[in-house]
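Participant:
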Amino acid sequence: MSGPARQVRRPMSALRMAQIRELSRRHPLTGLAIRELLAEIARLRAEARRCEASAALWRRLTPVQRQVLLWHAQGVRLADMAERLDLSVSTITVYRGRIAAALGVSTITQAVGIAAAAGVISVEQIASGAGAEGES
2 MSGPARQVRR
12 PMSALRMAQI
22 RELSRRHPLT
32 GLAIRELLAE
42 IARLRAEARR
52 CEASAALWRR
62 LTPVQRQVLL
72 WHAQGVRLAD
82 MAERLDLSVS
92 TITVYRGRIA
102 AALGVSTITQ
112 AVGIAAAAGV
122 ISVEQIASGA
132 GAEGES
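Be aware that the sequence shown starts at 2, since it is given in this note's numbering, and climbs by one per residue.
#1: I think Arg97 touches Val121, with their Cβ atoms under 8 Å apart; what is that distance to the nearest whole Å?
#2: Just how far apart, CA to CA, sit Met38 and Glu48?
#3: Check Thr108 in the structure and name its three-state DSSP category.
#4: Going residue by residue through the segment 61 to 117, where are the continuous alpha helix (DSSP H) segments of at least 4 residues, counting only ones entirely within it?
#5: Could you give the DSSP three-state label for Ile122: helix, strand or coil?
#6: Please report the distance separating the alpha-carbon of Thr110 from that of Ile42.
#7: Ignore the nearest five residues each way along the sequence and tell me which others in Gly114's own chain have a CB closer than 6 Å to its CB.
#8: Considering only the beta carbon of each residue, do Ala101 and Ala112 sit closer than 8 Å?
#9: Check this for me: beta carbons of Leu88 and Leu58, under 8 Å apart or not?
#10: So, is Leu62 buried or exposed, given that buried needs 16 or more other C-beta atoms within 10 angstroms?
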């Protein structure tokens with residue numbers, strides 16, 4: 002059931018955009034502000050699409066797979082991953098294959114690249130794990 006707080010997003014119609022452009026031509030100072038506003042709206046829409054894609058990408062993985070992906074990006078050895086998760090190295094290898102398959106690539110390194118490009122793994126997260134192979 003949808004309540005009054007729920008709003009349906011509708012794209013701005015071509016007619017409305019034409020009206021806004023005409024207004025910006027007639028009123029130069031207002032027009033500049035409108036053009037800047039339209040550019041900002043376009044930027045925010047692109048950012049929202051990127052965020053939605055990142056969230057969808059991350060939801061494809063289980064929490065353990067997410068951790069293994071991050072550890073791989075940080076350079077943690079397979080044996081250390083297995084020890085931290087109390088699993089065998091071969092199980093970690095299976096996880097890596099499933100991660101790659103879930104993200105539609107062939108290797109775990111490509112999966113890290115996809116995750117980094119989508120903003121799912123940040124440089125800060127990767128750097129925070131550098132040299133952490135001995136941690137439990």
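Here a beta-carbon is modelled for each residue, glycine too, at the ideal position from N, C-alpha and C.
Facilitator: Concretely, from the data shown:
#1: Here residue 97 refers to the residue found at position 96 of the sequence shown. Here residue 121 refers to the residue found at position 120 of the sequence shown. With 8 Å as the limit, Arg97 and Val121 do not qualify as a contact, their Cβ atoms being about 16 Å apart.
#2: In the sequence shown, counting from the first residue as 1, residue 38 sits at position 37. In the sequence shown, counting from the first residue as 1, residue 48 sits at position 47. The question names Met, but residue 38 in the sequence shown is Leu. Rounded to whole angstroms, Leu38 and Glu48 show a C-alpha spacing of 15 Å.
#3: For the purposes of this step, residue 108 is taken as residue 107 along the sequence shown, with counting starting at 1. It is coil, neither helix nor strand.
#4: With a minimum length of 4 residues, the continuous alpha helix (DSSP H) runs that stay inside the segment 61 to 117 are 64 to 75, 79 to 86 and 90 to 103.
#5: Here the question's residue 122 lines up with position 121 in the sequence shown. Looking at Ile122 - three-state DSSP - the assignment turns out to be coil, as it is neither helix nor strand.
#6: Within the sequence shown, numbered from 1, the residue matching residue 110 stands at position 109. Within the sequence shown, numbered from 1, the residue matching residue 42 stands at position 41. In a straight line, the C-alpha of Thr110 is about 35 Å away from that of Ile42.
#7: For the purposes of this step, residue 114 is taken as residue 113 along the sequence shown, with counting starting at 1. In its chain, beyond the 5 residues on either side, no residue has a beta carbon closer than 6 Å to the beta carbon of Gly114.
#8: Numbered from 1 along the sequence shown, position 100 holds the residue referred to as residue 101. Numbered from 1 along the sequence shown, position 111 holds the residue referred to as residue 112. Closer than 8 Å, so yes.
#9: For the purposes of this step, residue 88 is taken as residue 87 along the sequence shown, with counting starting at 1. For the purposes of this step, residue 58 is taken as residue 57 along the sequence shown, with counting starting at 1. Going by C-beta atoms, Leu88 is not nearer than 8 Å to Leu58.
#10: What you label residue 62 is simply residue 61 of the sequence shown in a count that begins at 1. Burial call: buried.
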